[in-house]
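Trainee: Chains A and B supply the protein sequences, listed in that same order.
Per this note's numbering, the first sequence starts with residue 11, numbered consecutively.
Per this note's numbering, the second sequence starts with residue -16, numbered consecutively.
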Amino acid sequence: MVQYDPGTLQRLPVRKQQLLDVFARFGNHRASRAVTALPENAGVLDDREIDALLLTVHWEMQRLAEEFYHGHRVWELLRPVVTSIRQAGVRETLRIVDLGCGIGYTTRWLAAKISLADHNIEVVGMDFNSTLIAEANRLASAEGLPCRFLHGDALSGEHSSHILVSTGVIHHFRGDALLDFLRRHERRETQAFLHFDFQPWFLAPLGSLFFHQLRMRTAIARHDGVLSAARAHHARTLTEAARASVPGFATGIYGSRIWGTPLPRVFHTLIGLRPDLVPGLRRELGRHVARLGELR
Amino acid sequence: MTLLVLYLLALLDGLLCGLRTSMGRCPLIRKRGYYVRALVRGVVAAQIVSVLALAALVLTGALSPHRDALRADLESAAGRMLRIFLPYAALVLLNLALRLLPSTDIRSATSVFMLGPLTAIRPLVMIVGVLYGLSKSRLLETRLLGLFILALMLSFEFSLNRRAARAQAVQIRTLV
């Protein structure tokens, strides 16, 4: 629905027929119906209407993050990672970048709920979508939150980060694109990355369909939620890709099973950190260390 | 007593409808004030519905040639409705209480496995509750009143939702 030139970050026109052709190729009639209903001008999607729809969808999606206590989930893992980096002797302000942040729920939650000064951390959200970044900045300023949002590519040479975080982003990268995405994490200053995403399970698409029908109000949000659950990467795909792409990090999965039972959590996390940080992380996780899979 | 319990359940339903229709429509992080206003809106709307239902009840009673029989019939229908509504309300409250536990797993599980499905079946619970309540009623007035109240209950969340959607659309228009 929205397309940007990856070099200049300029917004590009999106032809409705192009989108319809993509979904027709996959035989995805539900998506085709949703696209058909999108407002257009002479075959090109109407930017203003699309932006209004995107904001509506992202406001709705924040509701899911709130319902699933996503801020708590991120901090539960981020805090021990930050502490383990400190224990390794890093004294400077740690820059945590939320890539593909959308309207920046995770970043704003951290800025609102955690004393960033006490931990000597700064939080920054980045996204390719300028409308979402403008909204994230508006919301942060409305509440006077100590965080900022930048329009751009978090993994480009212009931006640095000690810890990279994302939510629901990594399933968008597949095959070589996944390897390339992870390869770009390998930078001298980057100490860790945490990618939160849906965990695939045979019941996940069905559960997601039911849940999104109940909770989401727009056709696009309903469709996207189900598609995300269906496209989510298995733990093995993620760890194999990470181990092949970023051998300088110890990588593994955090939080895949509930309380040691075979039941999967809705979200799991691809975690990567510099090998010397692993013992500190294990210590800092405390009783949650059982949630940490093999890191190598 | 039975009518009082039904009234309290209507207020609780109003409270939760107000909350539900406001969710996903305010992207701030700190929004206690927003949710308090939503809860108040829900309670006020439930109050309006209750007043309408009471007015219909009083009017029917005043016009009925067999007032005592009508009262007994209404009491018995309302009592039967509670057999459906009370367990449902208890289940909702129990799951809301579970969300107070400081565990992201428990909180997420209540949302996925209980509160979501309980929201989905709310209209069905209303229909089954009222029809079960009316199933043994002897008077036409009781049945008509029951169906009138059912229609009010079902249109209640719809109206709140429409109002919230309009307000959200206006707000988003100012942003793009």
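Ideal Cβ placement from N, Cα and C applies to all residues, glycine included.
1) Could you name the residues of the same chain whose beta carbon sits closer than 6 Å to that of Leu160(A), not counting the 5 residues immediately before and after it, in chain order?
2) Check for me: the beta strand (DSSP E) holding Tyr264(A) runs from which residue to which?
3) What separation, rounded to the nearest whole angstrom, lies between the Cα atoms of Ser142(B) and Asp(-4)(B)?
4) Is Leu158(B) close to chain A? Criterion is C-beta to C-beta, closer than 8 Å.
5) Which residues share a DSSP beta bridge with Val134(A)?
6) Does chain B have any CB closer than 8 Å to the CB of Tyr264(A)?
7) Please classify His195(A): is it buried, with 16 or more other beta-carbons within 10 angstroms of its beta-carbon, or exposed?
8) Are any of the Cβ atoms in chain A nearer than 8 Å to that of Val75(B)?
9) Determine the extent of the beta strand (DSSP E) in which Asp88(B) is found, giving its start and end residues.
10) Rounded to whole angstroms, what's the CA-CA distance from Leu120(A) to Arg96(A)? Just pull it up for me.
11) Can you find a CB in chain A that lies within less than 8 Å of the CB of Ser138(B)?
12) Looking at chain A, is there any beta carbon in it that lies within less than 8 Å of the beta carbon of Thr125(B)?
13) Have a look at Asp163(A) and Arg149(B) and give me their C-alpha separation to the nearest angstrom.
14) Could you tell me which chain B residues have their CB closer than 8 Å to the CB of Gly217(A), listed as they occur along the chain?
15) Straight-line CA distance for Arg35(A) to Glu70(A)?
16) Determine, for Arg24(B), whether the minimum Cβ-Cβ distance to residues of chain A falls below 8 Å.
17) Less than 8 Å between the beta carbons of Thr93(B) and Arg82(B), yes or no?
18) Secondary structure at Thr228(A), three-state DSSP: helix, strand or coil?
19) Nearest-angstrom Cα distance between Gln209(A) and Trp269(A)?
20) Could you tell me whether any Cβ in chain B is nearer than 8 Å to the Cβ of Phe212(A)?
21) Using only CA atoms, which one of Asp88(B), Thr125(B), Gly99(B), Ala39(B) lies nearest to His49(B)?
22) Using a Cβ-Cβ distance under 8 Å, would Met6(B) count as near chain A?
23) If you count every other CB in all the chains shown that lies within 10 Å of the CB of Ser166(A), and 16 or more means buried, which is it?
24) How is Leu55(A) classed by DSSP in three states: helix, strand or coil?
25) Should Phe191(A) be labelled buried (16 or more other beta-carbon atoms within 10 Å of its own) or exposed?
26) Between which two residues does the alpha helix (DSSP H) harbouring Ile180(A) extend?
Mentor: Reading from the atomic positions:
1) For the purposes of this step, residue 160(A) is identified with residue 150 of the first sequence, where counting begins at 1. Residues of the same chain with a CB within less than 6 Å of the CB of Leu160(A), apart from the 5 flanking positions on each side, are Met136 in chain order.
2) Numbered from its first residue, the first sequence carries residue 264(A) at position 254. It spans 260 to 264 - the beta strand (DSSP E) in which Tyr264(A) sits, taken as one unbroken run.
3) One-based indexing of the second sequence puts residue 142(B) at position 159. One-based indexing of the second sequence puts residue -4(B) at position 13. The alpha-carbon atoms of Ser142(B) and Asp(-4)(B) are separated by roughly 14 Å.
4) Start at 1 with the first residue of the second sequence, and residue 158(B) comes out as number 175. Taking a beta-carbon distance threshold of 8 Å, Leu158(B) counts as an interface residue toward chain A.
5) Numbered from 1 along the first sequence, position 124 holds the residue referred to as residue 134(A). In the DSSP output, where bridge partners are listed per residue, Val134(A) has Val107(A), Arg158(A).
6) In the first sequence, counting from the first residue as 1, residue 264(A) sits at position 254. Taking Cβ atoms only, chain B never reaches closer than 8 Å to Tyr264(A), which makes this a no.
7) The residue labelled residue 195(A) in the question sits at position 185 within the first sequence. The residue in question, His195(A), is buried, as its Cβ has 16 or more Cβ neighbours within 10 Å.
8) Reading the second sequence from its first residue, position 92 is the one you call residue 75(B). Cβ-Cβ to chain A under 8 Å: no for Val75(B).
9) Here residue 88(B) corresponds to residue number 105 of the second sequence, with the count starting at 1. Boundaries around Asp88(B) are those of the alpha helix (DSSP H), 87 to 92, since no beta strand (DSSP E) includes it.
10) Start at 1 with the first residue of the first sequence, and residue 120(A) comes out as number 110. Start at 1 with the first residue of the first sequence, and residue 96(A) comes out as number 86. So the alpha carbons of these two residues sit roughly 18 Å apart.
11) Stepping through the second sequence from its first residue, residue 138(B) is reached at position 155. Under the Cβ criterion of 8 Å, Ser138(B) is not counted among the residues facing chain A.
12) As a first step, residue 125(B) is located in the second sequence; it is residue number 142 there, counting from the start. Chain A places no beta carbon closer than 8 Å to that of Thr125(B), leaving this residue out of the contacts.
13) Residue 163(A) sits at position 153 when you count from the first residue of the first sequence. Residue 149(B) sits at position 166 when you count from the first residue of the second sequence. Using only the alpha carbons, I get a separation of about 35 Å.
14) Numbered from 1 along the first sequence, position 207 holds the residue referred to as residue 217(A). Within chain B, the residues whose beta carbon sits less than 8 Å from that of Gly217(A) are Val95, listed in sequence order.
15) By one-based count along the first sequence, residue 35(A) stands at place 25. By one-based count along the first sequence, residue 70(A) stands at place 60. As the crow flies, the alpha-carbon of Arg35(A) is around 29 Å from that of Glu70(A).
16) Taking the second sequence and counting its residues from 1, one reaches residue 24(B) at position 41. Contact with chain A is absent for Arg24(B), since none of that chain's Cβ atoms lies less than 8 Å from the residue's Cβ.
17) For the purposes of this step, residue 93(B) is taken as residue 110 along the second sequence, with counting starting at 1. For the purposes of this step, residue 82(B) is taken as residue 99 along the second sequence, with counting starting at 1. In this structure, Arg82(B) lies closer than 8 Å to Thr93(B) by Cβ.
18) In the first sequence, counting from the first residue as 1, residue 228(A) sits at position 218. Thr228(A): coil per DSSP, three-state reduction.
19) Stepping through the first sequence from its first residue, residue 209(A) is reached at position 199. Stepping through the first sequence from its first residue, residue 269(A) is reached at position 259. Between the C-alpha atoms of Gln209(A) and Trp269(A) there is a straight-line separation of about 16 Å.
20) Residue numbering aside, residue 212(A) sits at position 202 when the first sequence is read from its first letter. No, Phe212(A) does not count as interfacial toward chain B.
21) Stepping through the second sequence from its first residue, residue 49(B) is reached at position 66. Thr125(B) is the residue among Asp88(B), Thr125(B), Gly99(B), Ala39(B) whose C-alpha sits nearest the C-alpha of His49(B).
22) As a position in the second sequence, residue 6(B) is number 23, starting the count at 1. Yes, Met6(B) lies at the interface with chain A (some Cβ there is under 8 Å from its Cβ).
23) In the first sequence, counting from the first residue as 1, residue 166(A) sits at position 156. Result: exposed.
24) Sequence index remark: in the first sequence, residue 55(A) carries index 45 (1-based). Secondary structure of Leu55(A) (DSSP, three-state): strand.
25) Numbered from its first residue, the first sequence carries residue 191(A) at position 181. The residue is buried, with at least 16 neighbouring Cβ atoms inside 10 Å.
26) The residue you call residue 180(A) lines up with position 170 of the first sequence. Where Ile180(A) is concerned, there is no enclosing alpha helix (DSSP H), because DSSP gives it neither an H nor an E.
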